[in-house]
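Heads up, the thing below is written out as structure tokens.
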Amino acid sequence: MTPDARQPGSGINIFIDDDPPITGARIKVIGIGGGGGNAVNRMIEAGIEGIEFLVANTDLQALKRSRAPIKIQLGGRLTKGLGAGADPTIGRDAALEDTEKIIEVLEGADMVFVTTGLGGGTGTGGAPIIASLATELNALTVAVVTKPFHFEGRRRMQQAEQGLRELRECVDTVITIPNERLLHMVERNVSLADSFKIADDVLRQAVQGISDLITVPGLINLDFADVKAIMAGMGLALMGAGRASGEHRAMEATQQAISSPLLEEATIEGAKGVLINITGGPDLTLYEVNEASSIIREAADEDANIIFGAVIDESLRDEMKITVIATGFDKESADSGRIAANAAMPATPPRYTRTPGDDLTRPAVNQARTDDLDVPTFIRKKAD
Numbered sequence: 095m096t097p098d099a100r101q102p103g104s105g106i107n108i109f110i111d112d113d114p115p116i117t118g119a120r121i122k123v124i125g126i127g128g129g130g131g132n133a134v135n136r137m138i139e140a141g142i143e144g145i146e147f148l149v150a151n152t153d154l155q156a157l158k159r160s161r162a163p164i165k166i167q168l169g170g171r172l173t174k175g176l177g178a179g180a181d182p183t184i185g186r187d188a189a190l191e192d193t194e195k196i197i198e199v200l201e202g203a204d205m206v207f208v209t210t211g212l213g214g215g216t217g218t219g220g221a222p223i224i225a226s227l228a229t230e231l232n233a234l235t236v237a238v239v240t241k242p243f244h245f246e247g248r249r250r251m252q253q254a255e256q257g258l259r260e261l262r263e264c265v266d267t268v269i270t271i272p273n274e275r276l277l278h279m280v281e282r283n284v285s286l287a288d289s290f291k292i293a294d295d296v297l298r299q300a301v302q303g304i305s306d307l308i309t310v311p312g313l314i315n316l317d318f319a320d321v322k323a324i325m326a327g328m329g330l331a332l333m334g335a336g337r338a339s340g341e342h343r344a345m346e347a348t349q350q351a352i353s354s355p356l357l358e359e360a361t362i363e364g365a366k367g368v369l370i371n372i373t374g375g376p377d378l379t380l381y382e383v384n385e386a387s388s389i390i391r392e393a394a395d396e397d398a399n400i401i402f403g404a405v406i407d408e409s410l411r412d413e414m415k416i417t418v419i420a421t422g423f424d425k426e427s428a429d430s431g432r433i434a435a436n437a438a439m440p441a442t443p444p445r446y447t448r449t450p451g452d453d454l455t456r457p458a459v460n461q462a463r464t465d466d467l468d469v470p471t472f473i474r475k476k477a478d
């Protein structure tokens, strides 16, 4: 590592890595708004490994309750810390007010999960801004979002659909969890509070189903390039999950996953890529892994790119869990959005490190890139 010239008057030493160290993929999850913050809390409680957790919100009280180690208040001048009032325009403007903060915490990530509950203000308006910045920082960007329950009202659903359209313009893949479909998976006497907790846990399961394949040692591990091959520029994705125990657990859990209510009207037959997470206890066998993956391969399109990994979870005894992420339902539109986002970025962005005591001022070597990122791509496209 060799020091570059000190910038006159900057007080910042810039270091350029001639031979960067080999490390694993750096994965970050950012929860946006109330729903995203709750989902991140659930992920932290579940002990997901190898991930950096962040939350961003206009509601200062909600931020204080978060378990995430990194918290970003959005739009402090605009909202005074009181939230976005279920108005996506305020959520959007709040995120635009603090793009520098967002860039600061996302920089260096290889993969960014953007998670939120669509339909409200901060998440619906702010998530596309934050996702666009992550994409322009060359991270593999995956949105994992819920759509509202029907009882939350027509306006909230309309706002969610608009937010989803904007997200699809600026991420590699967006996994949608329709909360209404969760009603097909729970008992009738489940409380309202527990219904939302279940939604949070499904978001957790989607993120963990992908990240564990990279970060948790198992029978069959994937590297970051494997996951990127399935998720880069793939557009709309859906998730199915299954869980079973007993002699035929592999078959039963797999059948549950590929016929999951979360898949809405779609099936994995229409997917361009399929990512499979097979998780079991120490007694998980290679035969079961083969049985589960074979069932999914039979159900999927013969031309689909299918990859799978197997993870050992010591807490699972007789149980087996299957998570299926089916991607590429609208790959062409996702490719065009990703190309447009990357067009604003240099081919090889410069690397630098800050020394202790630095403020958040960016060194001149990176200033052009920062200026360009201040207005996310999909906002610039709308202005053109």
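Under our numbering, the letters of the sequence shown match residues 95 to 478, in that order.
Heads up, the beta-carbon is just placed ideally off N, CA and C, and yes, glycines get one too.
Please read these numbers as outputs of a predicted model, since none were measured by experiment.
Going by DSSP, Leu380 is part of the alpha helix (DSSP H) stretching over 380-393. Here the segment 229-237 does not lie against the segment 289-299, with fewer than 3 beta-carbon pairs under 8 Å apart. The shortest CA-to-CA distance from Ala326 to any of Ile196, Ile269, Glu392, Val239 is the one to Ile269. Looking from the CA of Gly340, the closest CA among Gly374, Thr417, Thr361, Asp320 belongs to Gly374.
Sixteen is the threshold: when 16 or more other Cβ atoms of the shown chains lie within 10 Å of the Cβ of Leu332, as they do, the residue is buried. Short of 6 Å from the beta carbon of Ala180, and not among the five residues preceding or following it, lie these beta carbons of its own chain, in chain order: Gly214, Gly215. Inside the segment 187-257, DSSP marks whole alpha helix (DSSP H) runs of 4 or more residues at positions 193-200, 216-230, from first to last along the chain. In the structure shown, the three-state DSSP call for Arg282 is coil. Gly177 and Ala300 have their C-alpha atoms spaced approximately 27 Å apart. Straight-line measurement puts the Cα of Thr209 at about 22 Å from the Cα of Arg248. Straight-line spacing of the CA atoms in Leu212 and Ile416 works out to 26 Å. Here Asn384 is not near Val405, since their CB atoms are 8 Å or more apart.
Arg337 has Lys415 as its beta-bridge partners, per DSSP. Here Asp153 carries a strand assignment [DSSP, helix/strand/coil]. With a cut-off of 8 Å on Cβ pairs, the segment 307-325 is in contact with the segment 393-407, counting three or more such pairs. Secondary structure of Phe290 (DSSP, three-state): helix. In the same chain as Ala140, and ignoring 5 residues on each side of it, the C-beta atoms closer than 6 Å to its own belong to Arg298, in chain order.
Your pair Met328 and Lys366 checks out as a contact, with CB atoms roughly 6 Å apart and the cut at 8 Å. When secondary structure is reduced to three states using DSSP, Lys165 falls in the strand class. Measuring C-alpha to C-alpha distances from Glu408 to each of Ser387, Ala394, Pro376, Arg159 identifies Pro376 as the nearest.
Going by C-alpha positions, Thr361 is about 25 Å away from Tyr381.
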